[in-house]
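Worksheet: one structure, shown below.
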Amino acid sequence: MDQGTQLLLILVVLLVLFLLAVIVFVLFSVFMKRKNSLLREQIETEKRYERAIAETQIEIREETLRNISWELHDNIGQLLTLAKIKAQNIEGGEEMIEVAETIGTGLNELRALSKSINPEAINGQSLIYSLEQEVNRFNRLKYLSADYELLGDAVTIDSKVEIVLFRIVQEFMANTMKHSRASKLEVKVQFKADALEITALDDGVGFDSENLFEKGIGLSNIDKRAELIGADAKISSIPGAGTQLKLIYPLE
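If you use the UniProt record's numbering, the sequence shown corresponds to residues 1 to 252, in order.
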């Protein structure tokens with residue numbers, strides 16, 4: 001075999017190898033593109049599934065609160081109304097008048113509580129208004145002093161998200177009343193350029209935040225609720241130094 005033939009054979013072999021390399025590269029590229037596409041579809045499917053589960057959980061919780069609200073308003077409310085009427089009709093002087101007034105005050109607060117946990121009642125309200133009303137309700141109870149502060153320019157947020165944000169703060173406030181033995185509660189809502197930041201702080205006895213679930217404080221569900229709407233919730237507390245909730249919801 002002469003030198004020219006050998007050179008031609010080498011060129012043919014190199015050309016074949018090059019074509020094989022090109023084919024392998026193209027096939028690999030197509031495979032990777034298809035793989036990435038399938039991964040993206042899988043991620044999107046998982047996200048849609050998670051969103052569906054989250055919405056279902058929110059609906060179940062709100063339906064439960066709606067039923068509780070109806071029970072408070074229809075059954076317990078009627079009993080208190082009847083007790084107030086009977087107290088007013090009993091001849092007992094100033095003492096019975098005070099009893100009737102106390103029952104009346106309790107009835108009004110029961111109605112306010114019923115409204116605050118009823119999704120239908122707060123669905124048409126803004127988050128800001130709902131928080132203001134909740135702070136006012138706490139002050140009327142005269143159990144502690146509650147302050148509310150709004151900073152920044154408010155922006156429109158999805159109504160379902162607002163309800164979950166309100167429920168988180170509401171749960172924190174309820175646990176402050178039940179467990180903290182606090183004398184003061186501060187709620188601050190701040191609209192920033194990229195996020196809504198809500199801070200709730202009490203001056204109560206505090207607790208070891210590392211053992212939140214074991215202590216039975218009732219705040220361990222806050223993280224789960226925050227996850228449902230893509231928010232970040234952090235509870236920090238030191239025994240004897242109060243408790244703070246910092247809730248951050250990113251704004252698109």
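Yeah, the Cβ is synthetic: ideal placement off N, Cα and C, and Gly gets one too.
Residue i, DSSP secondary structure in three states
{"i": "Ile248", "result": "strand"}
{"i": "Val24", "result": "helix"}
{"i": "Asp232", "result": "strand"}
{"i": "Glu184", "result": "Here residue 184 is Lys; the residue named in the question, Glu, does not match the sequence. The answer is strand: DSSP assigns Lys184 an E or B state."}
{"i": "Leu15", "result": "helix"}
{"i": "Gly216", "result": "Below a pLDDT of 50, predicted positions are generally treated as unreliable, and Gly216, at 48, falls in that range; the measurement from the model is reported next regardless. In the structure shown, Gly216 sits in coil (DSSP, three-state: anything other than H, G, I, E or B)."}
{"i": "Asp223", "result": "helix"}
{"i": "Phe191", "result": "strand"}
{"i": "residue 260", "result": "What the structure shows of the chain is the stretch from 1 to 252, and residue 260 is not part of that stretch, so it cannot be assessed."}
Outcome for residue i when other beta-carbon atoms lying within 10 angstroms are tallied against a minimum of 16
{"i": "Gln42", "result": "exposed"}
{"i": "Ser145", "result": "exposed"}
{"i": "Val225", "result": "The residue asked about is misnamed: residue 225 is Arg in this sequence, not Val. By the neighbour-count rule (16 or more Cβ atoms within 10 Å), Arg225 is buried."}
{"i": "Val155", "result": "exposed"}
{"i": "Leu17", "result": "exposed"}
{"i": "Val12", "result": "exposed"}
{"i": "Val164", "result": "buried"}
{"i": "Thr176", "result": "buried"}
{"i": "Val135", "result": "buried"}
{"i": "Tyr249", "result": "buried"}
{"i": "residue 298", "result": "Nothing in the structure corresponds to residue 298, since the chain is present only between 1 and 252."}
Alpha-carbon to alpha-carbon, residue j and residue i
{"i": "Lys234", "j": "Leu38", "result": "35 Å"}
{"i": "Gly204", "j": "Glu197", "result": "22 Å"}
{"i": "Phe166", "j": "Leu127", "result": "6 Å"}
{"i": "Val22", "j": "Asn36", "result": "21 Å"}
{"i": "Lys188", "j": "Gly106", "result": "28 Å"}
{"i": "Glu227", "j": "Leu20", "result": "50 Å"}
{"i": "Ala193", "j": "Gln170", "result": "25 Å"}
{"i": "Ile168", "j": "Leu27", "result": "52 Å"}
{"i": "Asp202", "j": "Thr45", "result": "41 Å"}
{"i": "Gly104", "j": "Ile222", "result": "34 Å"}
{"i": "Gln133", "j": "Arg140", "result": "10 Å"}
{"i": "Ile229", "j": "His179", "result": "27 Å"}
{"i": "Phe172", "j": "Ile157", "result": "21 Å"}
{"i": "Met32", "j": "Lys47", "result": "22 Å"}
{"i": "Val161", "j": "Arg34", "result": "36 Å"}
{"i": "Ser159", "j": "Thr102", "result": "36 Å"}
{"i": "Gly216", "j": "Lys184", "result": "The pLDDT assigned to Gly216 is 48, lower than 50, so where the model puts this residue is not dependable, and the model offers no usable value."}
Supposed contact pair residue j and residue i - C-beta distance, whole angstroms, cut 8 Å
{"i": "Ala200", "j": "Leu245", "result": "4 Å"}
{"i": "Ala182", "j": "Gly242", "result": "7 Å"}
{"i": "Phe207", "j": "Ser237", "result": "5 Å"}
{"i": "Leu247", "j": "Ala231", "result": "6 Å"}
{"i": "Leu131", "j": "Tyr148", "result": "7 Å"}
Identified DSSP bridge partners for residue i
{"i": "Ser237", "result": "Thr243"}
{"i": "Leu151", "result": "Gln190"}
{"i": "Glu171", "result": "The partner list for Glu171 (beta bridge, DSSP) is empty, contrary to what the question assumes."}
{"i": "Glu197", "result": "Gln190 and Ile248"}
{"i": "Ile159", "result": "The question names Ile, but residue 159 is Ser in the sequence shown. Paired residues: none, contrary to the question."}
{"i": "Leu145", "result": "The amino acid occupying residue 145 in the given sequence is Ser; Leu does not appear at that position. The partner list for Ser145 (beta bridge, DSSP) reads Lys184."}
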